[in-house]
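Peer 1: Quick one: the structure is below, questions incoming.
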């Protein structure tokens, strides 16, 4: 992996939404990016980006040589084909070893869809026979975001960090009397229990930024807030002018579709003390799930039938369900299914979408919360690329000029043992969380304060402009 202060070169195989979204995020950090795709249209669409774009096949040795594999630290395989992604990772490792005479190291990150390859990676075998260092399978991450986001219809985004830490994004309404038309400093004195920690601020017509104490909050501002625990969501909603609806202790969840996402959703809700009804059109899929270990768990009911059949939905008492989630292979079919459930009385509805452009569209339709799988894939890949720095890396969806990154406090950091105030962190960044291991070696999240002492072994989650990441890394001297 690249040493601090050196320009990191990253080669991306695949110029689809994930590949180009990843390239854009990395360029915003001033990384050296090469994008390779064998589709002429994808190459043409990527030409406007400030990156090197190559037309060619990622399973051809010569293309990696053209991409400068010998100076690369990371290769990301992000096409829609699991097999091509795995093969290209193996080839990239081999070409890199040849070109550097075995002196350098190349991290390989492989996007997969088939859970079989995920299991192969988790067993440690995929890295041995294919040279894949990290596998990205974003379904579980998408499910985690969806489950958190369904707790409130007013949250536009929920980004889970480790140790029960979250970033939530929402709009400020005119009813937020304690904060609107006041600076953060003034609001802090008025809000009972203290002002939530705002790490990102976006206003129409202006770039997003990390706010400072003298920034004023206005109606219709979009804010990103750092918080610990889902129980804090309702307080945040009230402060920024939204009503909240209590979330049931044991939610009753209807899921349309028994494919990969549907079954993973069912397991997640059962694990969260919910009850689940799955409606599946395909008899073979329904029977397969019913005969599985998941299908035999207490609290799950599997129905073979059409999710658009009103009589069937009435028969299963769809209106008695707290949540309806569609997990179909087609986005439009999924949207239709949850809209019908909403019309029939389900209060909360959710989607995991393939098309990123539909996320904002479905919100205007009244669907409670939706997640873009490809965005989760990009965030997960970014986390892997920044794996020198433990913990997740997040790009705020509605405050694009601000990112979050976790940094370790180790013996090399000059302010270990000092308070946050004494650390002298620059104004352009803001500490969102301090995470520290307890006596059971489990991470716990603490809200930062100027008097909090930073101990060796702690992790800080810090938000900052993307082009300042390198400056922050230098300051930490990791």
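Numbering (our numbering), first residue to last: 127 to 604.
All residues carry an ideal CB built from backbone N, CA and C; glycine is no exception.
1) Ends of the beta strand (DSSP E) at residue 532?
2) Thinking just about the alpha-carbon of each residue, which of 388, 502, 171 and 416 is nearest to the one in residue 456?
3) For residue 488, which residues from the same chain have a beta carbon less than 7 Å from its beta carbon, with the 5 sequence-adjacent residues on both sides left out?
4) Among the candidates 236, 237, 221 and 238, whose CA atom is the shortest distance from the CA of residue 230?
5) Apart from the five residues just before and just after residue 445, which ones in its own chain have a Cβ nearer than 7 Å to its Cβ?
6) Give me the Cβ distance between residue 352 and residue 325, rounded to the nearest whole Å; I'm assuming they're in contact under 8 Å.
7) In the DSSP assignment, find the unbroken alpha helix (DSSP H) run with residue 241 in it and report its ends.
8) Under the three-state reduction of DSSP, which class applies to residue 474: helix, strand or coil?
9) Which residue wins for smallest C-alpha separation from residue 482, given the options 137, 431, 194 and 143?
10) Can you name the start and end residues of the beta strand (DSSP E) that residue 328 belongs to?
11) From this set, 391, 536 and 510, which residue's C-alpha is nearest residue 265's C-alpha?
12) Specify the secondary structure class of residue 204 as computed by DSSP and reduced to three states.
13) Tell me, please, which residues DSSP counts as bridged to residue 292.
14) Write down the C-beta distance between residue 154 and residue 593 rounded to the nearest angstrom, noting that I regard them as a contact closer than 8 Å.
15) Compute the distance between the beta-carbons of residue 202 and residue 235, then report whether it is under 8 Å.
16) Residues bridged to residue 556 by DSSP?
17) For residue 359, name the three-state secondary structure that DSSP assigns.
18) How many Å lie between residue 422 and residue 542 at the Cα?
19) Under the three-state reduction of DSSP, which class applies to residue 273: helix, strand or coil?
20) With a CB to CB cut of under 8 Å and the five nearest residues on each side skipped, what residues in its chain are close to residue 569?
21) What residue does the alpha helix (DSSP H) around residue 190 start on, and which one ends it?
22) Going straight from the alpha carbon of residue 557 to that of residue 452, what length do you get?
23) Based on the DSSP output, what are the partners of residue 496 in its beta bridges?
24) With residue 299 as the anchor, note down where its alpha helix (DSSP H) starts and where it stops.
25) At what residues does the alpha helix (DSSP H) containing residue 389 begin and finish?
26) State the start and end residues of the unbroken beta strand (DSSP E) segment that holds residue 380.
27) Report back the beta-carbon spacing between residue 237 and residue 217 to the nearest angstrom; my notes put them in contact at under 8 Å.
28) Would you mind stating whether residue 475 and residue 450 have Cβ atoms separated by less than 8 Å?
29) Going by DSSP, name the residue or residues bridged to residue 450.
30) With a cut-off of 8 Å on the beta carbons, I'd call residue 278 and residue 359 a contact; round off their distance for me.
31) Mind checking which residues open and close the beta strand (DSSP E) that includes residue 403?
32) Measuring CB to CB, does residue 205 end up less than 8 Å from residue 140?
33) Quick check on DSSP: helix, strand or coil for residue 563?
34) For residue 255, is the classification buried or exposed, using 16 other Cβ atoms within 10 angstroms of its Cβ as the cut-off for buried?
35) Nearest to residue 409 by alpha carbon, out of 403, 136 and 384?
Peer 2: From the atom records:
1) For the purposes of this step, residue 532 is taken as residue 406 along the chain shown, with counting starting at 1. Looking at the DSSP string, the run of the beta strand (DSSP E) that includes residue 532 is 529 to 534.
2) Locating residue 456 in the chain shown gives position 330, where the first residue counts as 1. That would be 388, whose Cα lies nearest to the Cα of residue 456.
3) Counting from 1 along the chain shown, the entry for residue 488 is found at position 362. Here the set comprises 461, 477 and 496.
4) Here residue 230 refers to the residue found at position 104 when the chain shown is read from its first residue. Comparing Cα-Cα distances from residue 230 to each of 236, 237, 221 and 238, the minimum goes to 221.
5) Looking up residue 445 in the chain shown gives position 319. Here the set comprises 470, 471 and 472.
6) Here residue 352 corresponds to residue number 226 of the chain shown, with the count starting at 1. Here residue 325 corresponds to residue number 199 of the chain shown, with the count starting at 1. 5 Å between Cβ atoms; contact.
7) Within the chain shown, the letter at position 115 stands for residue 241. Residue 241 -> alpha helix (DSSP H) spans 241 to 248.
8) Taking the first residue of the chain shown as position 1, residue 474 is located at position 348. DSSP places residue 474 in strand when its eight states are reduced to three.
9) Position 356 of the chain shown, counted from the start, is the residue given in the question as residue 482. Considering only alpha carbons, the answer is 143.
10) Stepping through the chain shown from its first residue, residue 328 is reached at position 202. That run of the beta strand (DSSP E) goes 323 to 328.
11) Here residue 265 is taken as the residue at index 139 of the chain shown, counted from 1. Of the listed residues, the one whose Cα sits closest to residue 265 is 391.
12) Position 78 of the chain shown, counted from the start, is the residue given in the question as residue 204. Reduced to three states, the DSSP call for residue 204 is coil.
13) The count along the chain shown starts at 1 and reaches residue 292 at position 166. Answer is 286 and 353, bridged to residue 292.
14) Here residue 154 corresponds to residue number 28 of the chain shown, with the count starting at 1. Here residue 593 corresponds to residue number 467 of the chain shown, with the count starting at 1. About 7 Å; that satisfies the 8 Å criterion.
15) Taking the first residue of the chain shown as 1, we reach residue 202 at position 76. Taking the first residue of the chain shown as 1, we reach residue 235 at position 109. Yes, the pair counts as a contact, with Cβ atoms nearer than the cut-off.
16) In the chain shown, the residue the question calls residue 556 occupies position 430. 589, per the DSSP bridge assignment.
17) Here residue 359 is taken as the residue at index 233 of the chain shown, counted from 1. Look at residue 359 here: in three-state DSSP terms it is helix.
18) In the chain shown, counting from the first residue as 1, residue 422 sits at position 296. In the chain shown, counting from the first residue as 1, residue 542 sits at position 416. Across the structure, residue 422 and residue 542 are spaced so that their CA atoms are roughly 51 Å apart.
19) Working through the chain shown from its first residue, we reach residue 273 at position 147. Helix, per DSSP.
20) One-based indexing of the chain shown puts residue 569 at position 443. The answer, listed in chain order, is 288, 289, 561, 562, 563 and 585.
21) Position 64 of the chain shown, counting from 1, holds the residue named residue 190. Its alpha helix (DSSP H) spans residues 187 to 192.
22) The residue you call residue 557 lines up with position 431 of the chain shown. The residue you call residue 452 lines up with position 326 of the chain shown. Cα-Cα distance, rounded: 37 Å.
23) Locating residue 496 in the chain shown gives position 370, where the first residue counts as 1. Answer is 477.
24) As a working mapping, residue 299 is identified with position 173 in the chain shown. No alpha helix (DSSP H) contains residue 299, which DSSP labels as neither H nor E.
25) Reading the chain shown from its first residue, position 263 is the one you call residue 389. Its alpha helix (DSSP H) spans residues 386 to 397.
26) As a first step, residue 380 is located in the chain shown; it is residue number 254 there, counting from the start. Run containing residue 380: 378 to 382, per the beta strand (DSSP E) assignment.
27) Here residue 237 corresponds to residue number 111 of the chain shown, with the count starting at 1. Here residue 217 corresponds to residue number 91 of the chain shown, with the count starting at 1. Their Cβ separation, rounded to whole angstroms, is 16 Å, which puts residue 237 and residue 217 out of contact at 8 Å.
28) Start at 1 with the first residue of the chain shown, and residue 475 comes out as number 349. Start at 1 with the first residue of the chain shown, and residue 450 comes out as number 324. For residue 475 and residue 450, yes; Cβs fall inside 8 Å.
29) Stepping through the chain shown from its first residue, residue 450 is reached at position 324. Residue 450 pairs with 380 and 475.
30) Here residue 278 refers to the residue found at position 152 when the chain shown is read from its first residue. Here residue 359 refers to the residue found at position 233 when the chain shown is read from its first residue. So it is a contact: roughly 6 Å between Cβ atoms.
31) On the chain shown, position 277 is the one that residue 403 refers to. Here the beta strand (DSSP E) through residue 403 covers 401 to 406.
32) Translated into the one-based positions of the chain shown, residue 205 becomes position 79. Translated into the one-based positions of the chain shown, residue 140 becomes position 14. Yes.
33) Residue numbering aside, residue 563 sits at position 437 when the chain shown is read from its first letter. Note: residue 563 maps to strand in three-state DSSP.
34) As a first step, residue 255 must be located in the chain shown, where it is residue number 129. Classification for residue 255: exposed.
35) For the purposes of this step, residue 409 is taken as residue 283 along the chain shown, with counting starting at 1. Nearest to residue 409 by alpha-carbon distance, out of 403, 136 and 384, is 384.
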